[in-house]
Structure formats: structure tokens, C-alpha cells
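Notes for the one structure printed next.
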Amino acid sequence: MFIKPGYSPKFLIFLILIAVIIIPAQALSPLWVSNLTEIDQNIQDTGGHSLEFLAISDDGSSVATATFDGSIYFIDESGIVFWNKTARNENSEILALSLSPDGNYLVISDAGSSPASNPKKRLTLLNRQGEELWNHSIRTFIYNLAVSSDGLYSVFGSHENITCVNRNGSIMWNHPVISPVISLDISDDCEYIVAVTENGGVFCLNQSGSILWENKFLESCDIKISDDGNYVCLSSPSQRRLYFLDNIGNILWNKTLPQGTKFAESKISYNGEEIVLRTTKAVSGYNQSGGLRWNYITKYQQTLPHPISATVFSLSKNGRHSVFAMGESLILLNDKGNETGTFSCDNRIKGVAISSEGTGIVAITDNELYYFCNPDAGLKGLTDLSSDTKQSDVIPDEKSPLKQTKQSPIPLFTVIFSAGLVSLFMKRRNRTAKK
282 MFIKPGYSPK FLIFLILIAV IIIPAQALSP LWVSNLTEID QNIQDTGGHS
332 LEFLAISDDG SSVATATFDG SIYFIDESGI VFWNKTARNE NSEILALSLS
382 PDGNYLVISD AGSSPASNPK KRLTLLNRQG EELWNHSIRT FIYNLAVSSD
432 GLYSVFGSHE NITCVNRNGS IMWNHPVISP VISLDISDDC EYIVAVTENG
482 GVFCLNQSGS ILWENKFLES CDIKISDDGN YVCLSSPSQR RLYFLDNIGN
532 ILWNKTLPQG TKFAESKISY NGEEIVLRTT KAVSGYNQSG GLRWNYITKY
582 QQTLPHPISA TVFSLSKNGR HSVFAMGESL ILLNDKGNET GTFSCDNRIK
632 GVAISSEGTG IVAITDNELY YFCNPDAGLK GLTDLSSDTK QSDVIPDEKS
682 PLKQTKQSPI PLFTVIFSAG LVSLFMKRRN RTAKK
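Each step along the sequence shown adds one to the number in this note's numbering, with nothing skipped, and position 226 is 507.
Written out as C-alpha cells, the structure is:
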């Protein structure tokens, strides 16, 4: 390639470096923010009235969140609260929540606060209208549960069993365990169920409750299965190991985690081609063969969260977008580990979730729910939203006037900076031509 005088490669490289340094990741602006806990004006004791649970449907159109003291909220992508339920009068405390990928079913585990010696414990399935389809009284506390893509099956793990219940409320099967279940996940169609018990047992069941394979690890605390059911991720911060298995239990590869790891949580894409691991000081991306694709070092040291809480890290099912909380900040990464968006607020972000294609992102603090549109994923599935950022007044069953908030100026700055570079090139070319 012929380069005229005045267009030296060093000069071009210099301009590119300046552009990379000056133009940061885009600042995310929430489409809307809702102070959900203000809905329950009748609650006097607000000690446990803070948001602790969060889930989003695959298409990003439905969001479910709940407080520890029993308030449940179901919201659409424009910030309208479809319904909310307050179980405070029953002295109920929520222990776990799972939303079906299609957004039509919500399974809840709760327990009464009294009597302290043996509180009432329940498992409940709700539809998207908030109607109770069934509830079961259970013997032990349930902290791990999941519901299939169409709500046809709900699976939960207790101190005694792993249990599968169908949409009509009939118990399909019980699989006894000798140690409490501490982590559980299912494939999209519930053809595969994987679980970890407190004594290090790891096993996979089929939809009929039969064991497909089992293994024993020194200690594990987190397990995930790909939605197609073909691959399993298992992480253990105490042993500083990440394992990747197939659906017949073969360990395909394992990795040693960094020294000082006290927290480790893995996520896996729909087909198992992308594995992302959040550890104490980093977020790392691996391919299906175990190769490290990228490593993002964080300034914030993530500690092991309380078991009754939302996840602080989420991966889109297509594997292209990761989002995680870092204190009062939210960080969005692409599939190369580059920052594509950041957001900061005044309070600690307690949980995050992302839609299947990465278009919709939600986050919670103690009282507020934030909804973001991912600028790096486009607006697919969110076409009904206005291009303006919105904030909603959370009045159940009523669409309230939406207020505009300030948009991020960074895209405009990028355009101006790019135009400046073009102008500079044109001037240099003209000067060279005159010579």
C-alpha cells in the first residue's frame, strides 16, 4: 500500500491509541428506575423490607423481584407493575425465587417466622397474573429451586430430597439425599437436573428422577448446566478449582483458580461454548476446550454472598454479554472481555440479571429496581420502548406518566471526536497536495 508523505504509520497508530484512551466504555443510563418498596405503605417494620431476589425472562419483557419479608413484584419491560403480593400478614419470609424462561411462571419458596422452633414452610407456583396454581407444605427449608422453560416442571432441593412437581401440583418424584442440597440447576426443558450436596456429592438426574451419573469432590458450592443439557460447570473456591463436564459425567478439563480465591461462581451459555467465571478479583472467559479467552481484573474484591440473595453476576444465554455488580457499580462486558457499559449509583447493587440475547439488564439495590437496554446488543425484543430513558411511578394496574431523564453524552462525544479526526486527516492531505 502506497502512503503519501505526511501519512506515516506511526502517526496513524498514535491517533488510534489516543482514540482508545479518550473514548471510554459507554455509560449506561437506566430506561427506568422503580422504588418498589414504597408500594407497601402499610409496612411499619422495614427491617427485612429490602429487595433480595431478582429474575428476568429470556426476552427481557418480564421481571420478578422480591423482598426477604415476603413482598413479591412482577413488572414488565416498561416499568409497569403488573401485580404485587405482600405476605407480611402471614409472617412469611422468602427463601428462593425462580422465573420460567418464558416469563409465565414464578416458583417461590417461603417460610413463616413463627413458631421459631418449627415455622411453616411452603413451595408455591404462580402464573404471570399472580394467581396461585398450587402450593405444597414442605418439611425443610428450600434455598435452591428452578422452573422449566414452559413452567411444566418445578424442581427443588432440600435437606432430605430433590423433588420434581408438575404444573398441576402433582409430585412426580422424590430423590433422597443424605446431605442438604446447596446448589441446583436444570436444563431448559428439565431433561437434566444437576445438584451439589453439602458433603461434596455431585450428581445428575433425568426427568424421571433416575441418576444418570454421580461423582464426589472434596468440596463444591456452585453448579450450572447448559440449557441444552450437554455440559456442566462446577466451581469450588475452597479447592480453587473450576471443572467442566459433559452430560455423562466425564471431566473434560479443570482449571486452578488464583491464590486468595474466596468466591467463585460460573455461568455457561446455552450450548456450552462460552464459560464465564466470576472470582474474588476477576471475571474470566473460557471456551469449550478450556482455553482462556479473556481475563478482566476488578478493583472490587467480591466476597461470598449470603445464600438468601440474588446473584451478583449473570451471563446472557448466547454467551455474548456478561454483567456483574462491583459495589455501587454495574459493569457490562462483551464476549472479548471488553467493557461495553458501566453504571454507578449511591447504593450497593445487590443483584443483577440479563436476558437471553443480552438486550435487557436489571439490577437491584435495597429499594430500587433498575432496567437497562444493552447498547451493545441492539433493541431486539424491546421495540415497544421509547428511545428516551424513562422512570415509572409504580402504581399497580395503572400506566403512569413517564418522566424523561438525562441520556449519556458519550455517543455524541464519540461522533464529535471522530469528525475531528476526519477533519485533521483532510487538512494534512491538502497540505501534502500543495507541496
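Every residue gets a Cβ at the ideal spot worked out from N, C-alpha and C, and that includes glycine.
Identify the continuous beta strand (DSSP E) that holds residue i and give its terminal residues.
i	result
Asp466	462 to 467
Cys514	512 to 517
Val564	563 to 568
Asp503	503 to 506
Asp391	386 to 393
Gly632	632 to 635
Ser547	545 to 549
Thr592	Segment: none, Thr592 is in no beta strand (DSSP E) and carries neither H nor E.
Ala347	343 to 348
Glu374	373 to 380
Ile578	573 to 578
Ser603	602 to 607
Leu613	610 to 615
Asp357	352 to 357
Lys598	Neither: Lys598 is in no beta strand (DSSP E) and is coded neither H nor E.
Leu650	649 to 654
Thr542	That residue, Thr542, is in no beta strand (DSSP E); it is neither H nor E in DSSP.
Phe498	That residue, Phe498, is in no beta strand (DSSP E); it is neither H nor E in DSSP.
On a CA-only basis, which of the options is nearest residue i? Give me that one, please.
i	options	result
Ile459	Cys471, Ala476, Ser451, Gly450	Ala476
Leu335	Asp350, Ile320, Phe355, Asn316	Phe355
Ile578	Glu374, Gln569, Val564	Val564
Ser595	Arg409, Asp527, Glu441, Thr560	Thr560
Asn528	Lys505, Ala545, Pro539, Lys543	Lys505
Ser451	Glu472, Leu426, Asn416, Ser429	Asn416
Leu387	Ser373, Trp364, Ala308, Gly411	Gly411
Asn552	Leu515, Asp431, Asn511	Asn511
Asn408	Glu472, Val483, Ser343	Ser343
Lys580	Ser610, Ala591, Gly571, Asn568	Ser610
Lys536	Ser517, Glu554, Ser550, Phe544	Ser517
Glu276	Asn487, Phe422, Leu309, Gly622	Residue 276 lies beyond the stretch modelled for the chain, which goes from 282 to 716, so this question has no answer here.
Asn480	Ser507, His456, Met453, His440	His440
Ala308	Val643, Cys654, Thr646, Thr623	Thr623
Gln540	Glu649, Arg521, Arg403	Arg521
Thr646	Ile320, Ala347, Ile337, Gly341	Ala347
Glu620	Ala591, Ala634, Val604, Glu555	Val604
Asp391	Leu614, Gly384, Lys402	Lys402
Asn447	Gly438, Gly432, Asn455, Pro461	Gly432
Glu374	Lys497, Pro400, Leu380	Pro400
Under a three-way DSSP split, which group does residue i fall into?
i	result
Ile492	strand
Ile529	coil
Thr621	strand
Leu312	coil
Glu333	strand
Leu317	helix
Arg559	strand
Met480	The displayed chain sequence assigns Asn, not Met, to residue 480. Coil.
Gly641	strand
Asn552	coil
Arg717	Limits of the chain in this structure are 282 at one end and 716 at the other, which puts residue 717 out of reach.
Thr367	strand
Asn487	strand
Ile361	coil
Is it buried or exposed for residue i, if we count other Cβ within 10 angstroms and need 16 for buried?
i	result
Asn531	exposed
Thr670	Confidence in Thr670 is poor, its pLDDT being 36 and thus under 50, which makes the residue's placement too unreliable to answer from.
Ala300	In this prediction, Ala300 scores a pLDDT of 48, lower than 50, which makes its location untrustworthy; no coordinate-derived value is stated.
Pro656	buried
Pro382	buried
Ser668	With a pLDDT of 38 at Ser668, under the threshold of 50, the modelled position of that residue is not reliable, and the figure given next carries that caveat. Flag for Ser668 reads exposed.
Ser418	exposed
Ile492	exposed
Asp350	buried
Thr444	buried
Trp534	exposed
Asn370	For Asn370, the predicted structure reports a pLDDT of 46, less than 50, and the residue's modelled location is therefore unreliable. A value from the coordinates is still provided. So Asn370 ends up on the exposed side.
Thr542	buried
Leu378	buried
Ser625	exposed
Gly457	Looking at the sequence itself, residue 457 is Pro, so the reference to Gly does not match. With fewer than 16 other Cβ atoms within 10 Å, it is exposed.
Asp503	buried
Asp247	Residue 247 lies beyond the range of the chain shown here (282 to 716); nothing can be said about it.
Arg601	buried
Lys631	buried
Leu650	buried
Discussion item. For a minimum of 3 consecutive residues, which ranges assigned as the beta strand (DSSP E) are wholly contained in the stretch 397 to 457?
Written reply: 402 to 408, 413 to 418, 425 to 428, 434 to 438, 442 to 447, 452 to 457
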